[in-house]
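For reference, the structure discussed in these notes is given below.
Numbering (our numbering), first residue to last: -2 to 196.
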């Protein structure tokens, strides 16, 4: 084999080694610190709810002292101090309607459409939206209560929740005689302040 042929073979072998990755070399890279900030969580707290009853005349009704008669419609109003912080925070408050109706003795009814949630004495900004409906999680909440949205980074206020019960289900004279001296034990109800979010 002549010298030219040997040289061509050597050059070709070197090229194949380079193209085939047989050579040893370092790949470039670089890195730097990324400042993605610190993410904080907010909060939703409520003080213990306190409340009282009023009759259809707007007069205070004291359980254990006053006694209901057919035709009475009693409104319960509960209040709590709310402290909220959260950019996308929405919440509502409710008592499970089933827990109310199951505690009522015969002759009493929970008046439909009388539950209400509102907020006052606000520092910051809250807005009250339309009824909860079915477009919010968690599922299974009462759908006739309003949603309160926090529209400032943080806010405080007084949350008010109301519902009504009515006594006397029979318009016939004497029709409610079977409901004398009954007791509705409503001292075990649970008020829940619940964050909600749209589907």
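Cβ atoms here follow ideal geometry from the backbone N, Cα and C, with glycine treated the same way.
Contact belief for residue 89 with residue 143 at Cβ below 8 Å, rounded distance in angstroms: At roughly 7 Å, the Cβ-Cβ gap stays under 8 Å, so residue 89 and residue 143 are in contact.
Residue 98 - containing beta strand (DSSP E), residue span: Where residue 98 is concerned, there is no enclosing beta strand (DSSP E), although the alpha helix (DSSP H) around it starts and stops at 94 to 100.
Cβ neighbours of residue 179 in the same chain (closer than 6 Å, five flanking residues each side left out): Around residue 179: 102.
For residue 40, three-class secondary structure by DSSP: Three-state result, residue 40: strand.
Per-residue DSSP class, three states only, for residue 59: Coil, per DSSP.
As assigned by DSSP and simplified to three states, the class of residue 175: Assignment of residue 175 by DSSP, reduced to helix, strand and coil, places it in the helix class.
Cβ of residue 26 within 7 Å of any chain D Cβ: In the structure shown, chain D does not exist; there is a single protein chain.
Residue range of the unbroken beta strand (DSSP E) whose run includes residue 118: Unbroken beta strand (DSSP E) run through residue 118: 113 to 120.
Contact between the segment 112 to 125 and the segment 143 to 155 (3+ Cβ pairs under 8 Å): Cβ pair count under 8 Å is three or more, so yes.
Cut-off 8 Å between Cβ atoms - residues of its own chain near residue 46, not counting five sequence neighbours on either side: Cβ within range, chain order: 75, 76, 77, 158 and 188.
Assigned secondary structure, residue 191 (DSSP; H/G/I helix, E/B strand, else coil): The DSSP-derived three-state label of residue 191 is strand.
Buried versus exposed call for residue 228 [16 or more other C-beta atoms within 10 Å across all chains shown]: Residue 228 cannot be examined here, being either before or after the span of the chain that is shown, -2 to 196.
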